[in-house]
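Each remark here refers to the structure printed beneath this line.
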DNA sequence: ATATATAAAAATGTCGACATTATTAGCTTG
DNA sequence: CAAGCTAATAATGTCGACATTTTTATATAT
């Protein structure tokens, strides 16, 4: 039997694409634990589709390294490790520094304006971090994206997005335990302001070093947190 | 009906993964033209599998941006454009420079040894480029990989591989027309020697600039070649 | 003749069914 | 009682079938 005549989604996408999004979120925010086996029966139940769209979705996440597959043994959530976490964060820091270096070379007024706008939205939400961490993370990310976008390279931005997603998986596994320590948060905010200053002044070397530090500090925090020790099992 | 009882492949992989490899090659070397519609009937015929493994394979190449999909309108080979070509090559140059910079920081004797070994295999094949361009490209790539691997970052190497594949698609579209001009080739060889020298001397800034030039020259050649003008239609 | 509407043909996306393979449970034996 | 074998149970991977949608071909009207 096919889908009901009254379609719930007006989407232009097929089921697989829809499932990709939901499944990705479920993996990133930890609904499906690292290493967990993804049984077809359960997935069918949860997303209300057959195996074909599911396998297509899983195939996509396979390339994005969020799931792994073994022949005749099905799919599993990509396992986590301290080693991989450090590698992803380190790479992410270098890529972001690269974006910023290129962006500063090409930067114009419009780029500056975009950064100021995003920074404003982020600052305005500063006090509500503990109220709605999700929304804050969105604005935080939008701020950094407004900077990186100045590199003017779709290819590089694609790489950047992929790394962000992998990293956010580790961040979420940790966030669920250690909720927003305000000391860490305040330090973060100051780093943002220094970064903006360096960008507007086109201080490339300085900005790149600032962003490296900014992106590496979470990985240092994660390394010693409860979250990751739990991941060692 | 299922596959014949006598399996042709002793592979540990499922059909989808096998098809991924073959289909990827067919796209990269231009058997399927940019923008070409990938009709299921034809793919079934060519790879001797049903639609399920095919859709899985296509879903993977979708993320790798080698194919595109439109709902109810099937899959197409990802189109090419001069713009994208330049962006991919530019990004690739930056990533390779990044790998080399990190590798020089961490480089030890083993790294040097690996480079020398790969360089030797490449030099030995120097005269046979026109005889077997495929094999030369393999050794050329192995040489560059032996350098980049020193960055010691699986994540970064993954990014690098993906970019190499996308770039090689453009290179192949061009290679089929302009076959190995020896002047270009000789210049290439000299660049390799300069690069090796800089690496062994740990001259980071110099090496990074050399690799950027080395990787950007093909894109400059492609830009004005017949190959790409044909791609503009 | 061009444009519009209609019918026919082709192609896509999804499901259920089934063969194959892995996993578990129960049983035997040293 | 542990270790190995066997039977059962469960899960995967692939195909053919079918409903839905797009594309092509044909007919009609302005």
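Residue numbers (our numbering), protein chains in the order written: chain A, -3 to 229; chain B, -3 to 229. A virtual CB, placed ideally from N, CA and C, is assigned to each residue, including glycine.
1. By the criterion of Cβ-Cβ separation under 9 angstroms, what are the contact partners of residue 101 (chain B) in chain A?
2. Whole angstroms are fine: how far does the CA of residue 83 (chain B) sit from the CA of residue 68 (chain A)?
3. Would residue 149 (chain A) count as contacting chain B if we go by Cβ distances under 7 angstroms?
4. Report all residues from its chain with a CB closer than 6 angstroms to the CB of residue 71 (chain B); omit the five preceding and five following residues, and keep chain order.
5. Just the chain B side, please: which residues come within less than 7 angstroms of residue 56 (chain A) by C-beta, in chain order?
6. Identify, in the order they occur along the chain, each residue of the same chain with its Cβ nearer than 7 angstroms to the Cβ of residue 22 (chain A), setting aside the five sequence neighbours on each side.
7. What does the alpha-carbon distance come out to for the pair residue 10 (chain B) and residue 156 (chain B)?
8. To which residues of the same chain is residue 213 (chain B) closer than 7 angstroms at the C-beta, ignoring the five residues directly before and after it?
9. Between residue 94 (chain A) and residue 152 (chain B), which are expected to be in contact by the criterion C-beta below 8 angstroms, what is the C-beta distance as a whole number of angstroms?
10. Where residue 41 (chain A) and residue 188 (chain B) are concerned, what is the direct C-alpha to C-alpha distance, given to the nearest angstrom?
11. Counting Cβ pairs, one atom from each stretch, are 3 or more of them under 8 angstroms apart for the region 139 to 148 of chain A and the region 97 to 109 of chain A?
12. Kindly indicate which three-state DSSP category residue 70 (chain A) falls into: helix, strand or coil?
13. Do residue 142 (chain B) and residue 91 (chain B) count as a contact pair if the criterion is CB distance below 7 angstroms?
14. Applying a beta-carbon distance threshold of less than 8 angstroms, which residues of chain B neighbour residue 39 (chain A)?
15. Please state whether DSSP places residue 64 (chain A) in a helix, a strand or coil.
16. Could you name the residues of chain A that residue 196 (chain B) contacts, counting a contact when the two beta carbons are closer than 9 angstroms?
17. Hey, residue 118 (chain B) and residue 136 (chain B): beta-carbon distance below 7 angstroms or not?
18. So is residue 230 (chain A) in contact with chain B if we call contact Cβ pairs under 7 angstroms?
19. Excluding the 5 residues preceding and the 5 following residue 167 (chain A) in the sequence, name in chain order all residues of the same chain whose CB lies nearer than 7 angstroms to its CB.
A quick look at the data gives this:
1. Simply none; closest approach about 11 angstroms.
2. 40 angstroms
3. yes
4. 34, 54, 63, 65
5. 55, 56, 58, 59
6. 28
7. 26 angstroms
8. none
9. Not a contact, Cβ separation roughly 11 angstroms.
10. 56 angstroms
11. yes
12. strand
13. no
14. Chain B residues near residue 39 (chain A): none, gap ~15 angstroms exceeds 8 angstroms.
15. strand
16. By Cβ distance, chain A contributes nothing, its closest Cβ being about 23 angstroms from residue 196 (chain B), past 9 angstroms.
17. yes
18. Examination of residue 230 (chain A) is not possible in this model, given that chain A is present from -3 through 229 alone.
19. 214
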